[in-house]
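No gaps in the numbering here: position 97 of the sequence shown is 86 in this note's numbering, and each next residue is one more.
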Amino acid sequence: MPHKKISLIGAGQIGGSLAHLIGLKELGDVVLVDIVEGVPQGKTLDLLASRSMDGYDVQFTGSNDYEATRDSDVVIVTAGLPRKPGMSRDNLVDKNTGIMKGIAEKIRDLSPNAFVIVITNPLDAMVYVMKKITGFPKHRVVGMAGVLDSARFRAFTALELGISVEDVTAMVLGGHGDDMVPLVRYCTIAGIPITQFLSAGKIAAIVKRTQMAGGEVVNLLKTSAWVSPAAAAIEMAECYLKDKKRVLPCAAYLEGEYGIHGYYFGVPIVLGAGGVERVIELQLTDEERGELMQSFARVKEVVAAVKL
Ligand code: TXD
-10 MPHKKISLIG AGQIGGSLAH LIGLKELGDV VLVDIVEGVP QGKTLDLLAS RSMDGYDVQF
50 TGSNDYEATR DSDVVIVTAG LPRKPGMSRD NLVDKNTGIM KGIAEKIRDL SPNAFVIVIT
110 NPLDAMVYVM KKITGFPKHR VVGMAGVLDS ARFRAFTALE LGISVEDVTA MVLGGHGDDM
170 VPLVRYCTIA GIPITQFLSA GKIAAIVKRT QMAGGEVVNL LKTSAWVSPA AAAIEMAECY
230 LKDKKRVLPC AAYLEGEYGI HGYYFGVPIV LGAGGVERVI ELQLTDEERG ELMQSFARVK
290 EVVAAVKL
């Protein structure tokens, strides 16, 4: 069986981690593309050398020419400017929209059958740009945010309780912004509701820390996180490549679900070989729905700033 071809547009912090994880999991051959000369080529050489120690055989190619991505099965996009301290994700919309449009045209022309995962911020707007410019069907363009945000909620809960993160489940929906919505009712420890372990105050503190977790890292690192975003996107890519049909929170294109039409928004989906195979509509309380609509209002504002 020939290896799948996975192209990574953006060979920066997240791009490099994506490439290494793809190798370790032997998900496919990797093409790294960046505008900075030497970066994809240098990271490729480094990755090629790691194969014998990590015991995997995939090919890595680094290029500044998108031609190297032709006929990709999966394309993961991190190209764009990350946040600096004091910047909101929305501050990136103008610059990253221009970058995303150019990339989307290349993906449309070179890999018309690819499954595309967008990571670049502001995520809900950038994945929207990707779909509009490529013209790909909604099941083949998805945004990575909720898997990372839910992982952060799980990490903070596990730390608070001194338990394995493996037994914590969480569902963080909505836009990838400070008003994202951790649905506490759907967060459990080994199936037991989190409310049986933590007070309302402690849970509220974890919700707040989750919502601000991206900025917490930026303030410390002076740039965005990269290990956990890469791990989240690879979890999604693996679902597609191995037809795992997992239920994950992702930015999916809605056409009436949750009362939303024509936008990307973080919702639970079934992710398999058909891409976004299904959007799952949860039964929500009025309070939960209100929080989600508040988050959606923010998404609409950011998308309104996009000039296609
Ligand atoms: O959960 C999420 N979705 C977020 C996303 C989590 C963390 C980071 N988030 C965003 O991902 C972040 O705000 C940025 O918008 C992207 C990428 O973050 P990263 O930390 O990887 O940024 P880098 O290290 O600056 O890498 C971006 C690379 C860099 O090497 C540029 O030279 C390259 O993108 N770049 C391009 N490559 C190809 N083509 C074009 N046009 C281009 N423009 C820039």
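Built from N, CA and C at the ideal position, the CB exists for glycine as well.
Near the ligand TXD: residue i beta-carbon under 7 Å from a heavy atom
| i | result |
| --- | --- |
| Leu10 | no |
| Ile(-5) | no |
| Gly251 | no |
| Gly203 | yes |
| Met133 | yes |
| Ile92 | yes |
| Gly27 | no |
| Arg143 | no |
| Ser41 | no |
| Leu305 | What the structure shows of the chain is the stretch from -10 to 297, and residue 305 is not part of that stretch, so it cannot be assessed. |
| Ala193 | no |
| Arg72 | yes |
| Thr299 | Because residue 299 is not part of the residues shown, which for the chain are -10 to 297, the question remains open. |
| Ala214 | yes |
| Asn208 | no |
| Ile106 | no |
| Ile88 | yes |
| Pro218 | yes |
| Asn85 | yes |
| Leu112 | yes |
| Val118 | no |
| Asp23 | yes |
| Ala0 | yes |
| Gly4 | yes |
| Thr33 | no |
| Leu137 | yes |
| Thr123 | no |
| Thr50 | no |
| His128 | no |
| Thr109 | yes |
| His165 | yes |
8 Å Cβ shell around residue i - same chain, five flanking residues per side excluded
| i | result |
| --- | --- |
| Lys211 | Lys73, Pro74 |
| Asp43 | Gly12, Leu13 |
| Val196 | Phe142, Pro171, Val173 |
| Lys84 | Gly69, Leu70 |
| Glu244 | Lys127, His250, Gly251 |
| Lys233 | Glu227, Leu260, Gly261 |
Same chain, Cβ closer than 6 Å to residue i, neighbours up to 5 away in sequence not counted
| i | result |
| --- | --- |
| Pro71 | Thr212, Ser213 |
| Ala0 | Leu21, Asp23, Val28, Pro29, Lys32 |
| Gly255 | Ala134, Gly135, Leu162, Gly163, Pro238, Ala240 |
| Thr158 | Thr177 |
| Tyr117 | Tyr253, Val292 |
| Ile223 | Leu10 |
| Ala57 | Val20, Thr50 |
| Arg287 | Gly164, Gly166, Asp168 |
| Val107 | Val66, Met115, Val116, Met119, Gly132 |
| Gly5 | Lys32 |
Cβ-Cβ separation, residue j to residue i (assumed contact under 8 Å), whole Å
| i | j | result |
| --- | --- | --- |
| Lys(-6) | Asp18 | 6 Å |
| Asp113 | Gln283 | With 8 Å as the limit, Asp113 and Gln283 do not qualify as a contact, their Cβ atoms being about 14 Å apart. |
| Val130 | Lys120 | 4 Å |
| Ile269 | Val259 | 7 Å |
| Ser(-4) | Ser61 | 4 Å |
| Ala68 | Ile(-2) | 5 Å |
| Asn53 | Glu94 | So it is not a contact: roughly 17 Å between Cβ atoms. |
| Ala226 | Val47 | Not really, about 13 Å apart at Cβ, beyond 8 Å. |
| Val236 | Pro218 | Actually they are not in contact, since the Cβ atoms of Val236 and Pro218 sit about 20 Å apart, beyond 8 Å. |
| Tyr247 | Leu281 | 7 Å |
Close Cβ partners of residue i (< 7 Å) along its chain, the five nearest in sequence each way excluded
| i | result |
| --- | --- |
| Ile183 | Thr146, Val173, Cys176, Thr177, Ile192 |
| Gly124 | Arg97 |
| Val154 | Arg143, Ala144, Ala147 |
| Ala267 | For the record, residue 267 in the displayed sequence is Arg; it is not Ala. Same-chain partners within the cutoff: Ile258, Val259. |
| Val82 | Pro111, Ala114, Val291, Ala294, Val295 |
| Ile92 | Ile(-2), Val66, Ala68 |
| Ala221 | Met133, Val136, Leu137, Ala140 |
| Tyr45 | Gly12, Leu13, Glu15 |
Residue i classed as buried or exposed, judged by whether at least 16 other C-beta atoms fall within 10 angstroms
| i | result |
| --- | --- |
| His165 | buried |
| Val66 | buried |
| His9 | buried |
| Gln200 | buried |
| Leu7 | buried |
| Ile181 | exposed |
| Met115 | buried |
| Asp138 | buried |
| Pro126 | exposed |
| Met89 | buried |
| Val207 | buried |
| Ser188 | exposed |
| Ala103 | buried |
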